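S.K.: A single structure is presented below for examination.
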Amino acid sequence: MTLLPTKFGPYGGQFVPETLMPALIELEEAFVSAKADVQFQNEFNKLMASFVGRPTPLTYAKRLSEKLGGAQIYLKREDLAHTGAHKINNALGQALLVKRMGKQRIVAETGAGQHGVASATAAALLGLECVVYMGEVDIARQEPNVFRMKLLGAEVRPVSSGTKTLKDAINEAIRDWVTNVRDTHYLLGSALGPHPYPTIVREFQSVIGTEAREQMLLEVGRLPDTVIACVGGGSNAIGVFSGFVNDEQVELIGVEAGGSGIETGKHAARFGDPSKGRVGVIHGTRTYVLQDEDGQIAETHSVSAGLDYAAVGPEHALMRDNERAFYTSATDTEALDAFQTLCHTEGIIPALESSHAVAEVIKRAPKMRKDEIILVNLSGRGDKDLNTVIKELGGSEK
Amino acid sequence: MNRIESAFANKPIFMPYFPLGYPDLETSIDVIKALAKNGADLIEVGLSFSDPLADGPVIQHATQIALEKGITVKKSLEAVKELRKRGVDIPLILMGYYNPMLAYGLEKFVRDAAEAGADGFIIPDLPAEESEEFEKVIGDLPLIRMLAPTSSTDRMERIARSAEGFIYLVSVTGITGERKSLAEGLGELIAQVREHTSAPVCVGFGIGTPEQAREVGKMADGVIVGSACVKTIGGSEKPVETAGEFARSFREALR
Ligand SMILES: Cc1ncc(COP(=O)(O)O)c(C=O)c1O
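Just so you know, the sequences run in chain order A and B.
Note that numbering that gives the first Met the number 0 has the first sequence beginning at 0, numbered continuously upward.
Note that numbering that gives the first Met the number 0 has the second sequence beginning at 0, numbered continuously upward.
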């Protein structure tokens, strides 16, 4: 018997080897008791304020709104959180749980490196040993973050199996966890994996939505009409969506990685490509997974490492079925354009992941009225992506 | 008596694992037949998956090659049928991850597996919490339950009580692969499991040599050998002959 529901409708669950089941049960217990513990909540909130720099601001994107000529655009500035992305909210929350469980070691996977950096940071702050698994392809394209993790005292282990990206880093992190589960916590970085991870990650990321809703009401005087976020595993999206999910009039839009275009097959649009995106089980959870006819997990492609993953968090699968949220995609090219647009109009260099959300804003805002409002979750900053952008644009930057 | 029950007539039994399609489909069929003819009492026939998260490097590598050579669930089931045609009459248990079975269609998978002559299933990423869906369609064949050193007493009791066929006891906290020495406290772990069930208890993960098998065989009803089997046979110029020798050496050790 579990303390919390393990599923989101037909999605989610705990598809893991028996060896890990007791650790999931222990984690769930620690989480449930921490949630009810005022002292834990105070400690978390204090760190969010004094270490992460929360609340992150809400920024009115005046010039972008004018340029697009439609809806008014507001940015939730997770790029201004310490370490440069929303990932720190969850990493710190889980690291506090690790302390509570009396474990000393964490393993983490990382794609873009942001979750790895956040985990390394939390480990340094709380005095934990930290090992980060990262695919070799991602190590090459997110090099600055590899240095950051090392500087923070983490060990970065390159993963050369499979597609050498996020999926394979998760495999290796789970293998390490299975082997060292007695003293090691798997600090999973997105709203993915077996229960209780999707719930825990959503809870720690819900601070984004809670703050954004308050800020909209306080600073703008009303709720947005549309909330847009990029969806890799789905943690920043579920975090901001959770603030508005009960406001039925607010439209929620998730943006997946369209890669080279859905029709090319080179993408990571789990919802966007019915020929490959089907319900299956990967990394402990039942959800939409890009796979072949035989149930082998498909290779994915995205210019952004953080969205380059074959599965999507199970709660998003349910929100999509229920039509509480809608999902679309942006291609590499659209994301790179949006990246430059935001640089020029707002003086903000966004992460390539977040640029996918901005790309959807660029498509949508002009079709909306001037008195309508879009809130976009700017999940991270783009410093880590400069190498990739230089390579992709090859001097053709506008 | 079904095939699994008969296999346990002379304990401890030897249960090697080998993936279909490695190093190629035809060789894997010959290897499995050679294992059966030379002393294996039950064989775990591996179905390949792109993301085998409970497996160490040896099995990862072998199943990756099997996939590159084009193995599918369908071809694997046909190979089981072929093994039966060629006179292999020991139990063949299909061991694989859940997603390819789901993609094939669970009902169809179970039906086709039974028809092909499989005797049961081991699914490492399907713990008791999630197995209901599979059990609904499984028919007469057993889903082999796994227990681990980390399993709590009440889980052990609950899972062992509902065991069918045999219990797969994971001997080490970890993934598949050989270990230099046997896990500490294995005897107590086996004794603990036996408190809750009369089903045979078979031990796997980390057993690589006939000497280790002999030690485990003194305590358990069956010895499961995966990575060592795959590595020895896969690394051989003459895989079929090596399979025969491999099986004989373990059979001998377990006398
Ligand atoms: C800045 C940024 N945004 C978004 C993501 C995607 O993850 P998620 O969908 O869990 O928010 C990442 C992942 O690495 C990221 O670094």
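Here a beta-carbon is modelled for each residue, glycine too, at the ideal position from N, C-alpha and C.
In this text the structure is predicted, and so the values were computed from the model without any measurement.
When DSSP builds the beta bridges, which residues end up paired with B:Ala94?
M.R.: Position check: residue 94 of chain B holds Met in this sequence, whereas Ala was assumed. BP columns for B:Met94 point to B:Gly45 and B:Ile121.
S.K.: So is the beta-carbon of A:Ser118 under 7 angstroms away from any non-hydrogen atom of ligand 1?
M.R.: Every heavy atom of ligand 1 is 7 angstroms or more from the Cβ of A:Ser118, so no.
S.K.: Residues of the segment 36 to 53 of chain B in Cβ contact with chain A at a cutoff of 9 angstroms, in chain order, please.
M.R.: Correct list: Ser47, Phe48, Ser49, Asp50, Pro51, Leu52 and Ala53.
S.K.: So is B:Val222 buried or exposed if we call it buried at 16+ other beta carbons inside 10 Å?
M.R.: By the 10 Å Cβ count, B:Val222 comes out buried.
S.K.: By DSSP, does A:Leu124 sit in helix, in strand, or in coil?
M.R.: Correct three-state label for A:Leu124: helix.
S.K.: Would the beta-carbon of A:Gly271 fall within 8 angstroms of that of A:Gly294?
M.R.: Contact: no.
S.K.: Could you tell me whether the Cβ of B:Ser226 comes closer than 8 angstroms to any Cβ of chain A?
M.R.: B:Ser226 does not count as touching chain A.
S.K.: Any C-beta of chain A sitting closer than 8 angstroms to the C-beta of B:Pro14?
M.R.: Here the sequence assigns Met to residue 14 of chain B, which means Pro is not the residue at that position. It does not; no Cβ of chain A falls within 8 angstroms.
S.K.: If I'm right that A:Ser303 touches A:Ser234 with Cβ under 8 angstroms, what's the distance once you round it to whole angstroms?
M.R.: At roughly 14 angstroms, the Cβ-Cβ gap does not stay under 8 angstroms, so A:Ser303 and A:Ser234 are not in contact.
S.K.: Closest to B:Glu210 by CA distance: which of B:Thr196, B:Ser5 and B:Ser248 is it?
M.R.: Checking every option, the nearest Cα to that of B:Glu210 belongs to B:Ser248.
S.K.: Are the Cβ atoms of B:Leu264 and B:Arg213 separated by less than 8 angstroms?
M.R.: Limits of chain B in this structure are 0 at one end and 254 at the other, which puts residue 264 of chain B out of reach.
S.K.: Using 8 angstroms as the threshold, is the segment 308 to 327 of chain A in touch with the segment 6 to 26 of chain A, meaning 3 or more CB pairs across them?
M.R.: Contact holds: three or more Cβ-Cβ distances are below 8 angstroms.
S.K.: Rounded to whole angstroms, how far is the Cβ of A:Ile237 from the Cβ of A:Gln214, which I believe are closer than 8 angstroms?
M.R.: At roughly 19 angstroms, the Cβ-Cβ gap does not stay under 8 angstroms, so A:Ile237 and A:Gln214 are not in contact.
S.K.: Report the residue from B:Phe204, B:Ser75 and B:Ala242 whose alpha carbon sits nearest the alpha carbon of B:Ile58.
M.R.: It is B:Phe204.
S.K.: Can you grab the Cα-Cα spacing for the pair B:Ala6 / A:Gly279, in whole Å?
M.R.: C-alpha separation (whole angstroms): 35 angstroms.
S.K.: Measure from the C-beta of B:Asn9 to each C-beta in chain A and report whether the shortest distance is under 8 angstroms.
M.R.: Judged by the 8 angstroms Cβ criterion, B:Asn9 is not in contact with chain A.
S.K.: Should A:Cys229 be listed as close to ligand 1, given that the test is whether its C-beta is under 7 angstroms from any heavy atom?
M.R.: Yes; taking the cut-off as 7 angstroms, the Cβ of A:Cys229 has a heavy atom of ligand 1 nearer than that.
S.K.: Three or more beta-carbon pairs under 8 angstroms between the segment 77 to 94 of chain B and the segment 3 to 18 of chain B, yes or no?
M.R.: Verdict: yes, contact present.
S.K.: Along chain A, in chain order, which residues have C-beta atoms closer than 8 angstroms to that of B:Gly216?
M.R.: Ordered by position in chain A, no residue passes the 8 angstroms Cβ test against B:Gly216, which lies about 23 angstroms from the chain.
S.K.: Would you mind listing the beta strand (DSSP E) stretches within the segment 139 to 187 of chain B that are 3+ residues and don't spill past its ends, in chain order?
M.R.: Correct list: 144 to 146 and 166 to 169.
S.K.: Are at least three pairs of beta-carbons, each pair with one atom in the segment 7 to 22 of chain B and one in the segment 34 to 51 of chain B, less than 8 angstroms apart?
M.R.: With a cut-off of 8 angstroms, the segment 34 to 51 of chain B and the segment 7 to 22 of chain B count as touching, because enough Cβ pairs lie within range.
S.K.: Identify, in the order they occur along the chain, each residue of the same chain with its Cβ nearer than 6 angstroms to the Cβ of A:Ile87, setting aside the five sequence neighbours on each side.
M.R.: If we look at A:Ile87 and ignore the five residues flanking it on each side, its Cβ neighbours are Val51, Ala80, His81 and Ala117.
S.K.: If the criterion is Cβ atoms closer than 8 angstroms, does the pair A:Val230 and A:Val254 meet it?
M.R.: Yes; because the gap between Cβ atoms is below 8 angstroms, this pair is in contact.
S.K.: Nearest by alpha-carbon distance to A:Gly260: which of A:Arg147, A:Ser328, A:Ile347 and A:Ala29 is it?
M.R.: If we check each option's Cα against that of A:Gly260, A:Ser328 comes out closest.
S.K.: Which first and last residues belong to the beta strand (DSSP E) in which A:Tyr326 is found?
M.R.: Run containing A:Tyr326: Ala324 to Thr330, per the beta strand (DSSP E) assignment.
S.K.: Roughly how far, in whole angstroms, is the beta-carbon of B:Leu125 from the beta-carbon of B:Leu146, given that I think they are within contact range, below 8 angstroms?
M.R.: Not a contact, Cβ separation roughly 14 angstroms.
S.K.: Are the C-beta atoms of B:Gly173 and some chain A residue less than 8 angstroms apart?
M.R.: At least one chain A Cβ lies under 8 angstroms of B:Gly173.
S.K.: Could you check if A:Gln93 belongs to the surroundings of ligand 1, using beta carbon to heavy atom distance under 7 angstroms?
M.R.: No, the beta carbon of A:Gln93 sits no closer than 7 angstroms to any heavy atom of ligand 1.
S.K.: Quick one: is the Cβ of A:Gly110 within less than 7 angstroms of any heavy atom of ligand 1?
M.R.: Answer for A:Gly110: yes, Cβ within range of ligand 1.
S.K.: Following a CB-centred definition, is A:Glu398 positioned closer than 7 angstroms to any heavy atom of ligand 1?
M.R.: There is no way to answer for residue 398 of chain A, as the model of chain A reaches only from 0 to 397.
S.K.: Taking Cβ-Cβ distances below 7 angstroms as the criterion, which residues of the segment 97 to 108 of chain A are in contact with chain B?
M.R.: Correct list: empty, as no residue qualifies.
S.K.: Scan the segment 348 to 381 of chain A and note each continuous alpha helix (DSSP H) run of 4 residues or more that stays entirely inside, going in chain order.
M.R.: Entirely contained in the segment 348 to 381 of chain A, the alpha helix (DSSP H) runs reaching 4 residues are, in chain order, 351 to 363.
S.K.: Mind listing the chain A neighbours of B:Leu101? Cutoff is C-beta to C-beta under 7 angstroms, in chain order.
M.R.: Ordered by position in chain A, the residues that pass the 7 angstroms Cβ test against B:Leu101 are Gly279, Val280 and Gly294.
S.K.: Hey, how far is the Cα of A:Thr178 from the Cα of A:Lys265?
M.R.: Approximately 34 angstroms, taken between the alpha carbons.
S.K.: Candidates A:Glu262, A:Asn170, A:Asp224 and A:Thr263: which alpha carbon is nearest A:Val475's?
M.R.: As displayed, chain A neither begins before 0 nor continues past 397, which places residue 475 of chain A out of reach and without an answer.
S.K.: Let me know if B:Glu128 comes out buried or exposed under the rule of 16 or more other beta-carbons within 10 Å of its beta-carbon.
M.R.: B:Glu128 is buried by the Cβ-count criterion.
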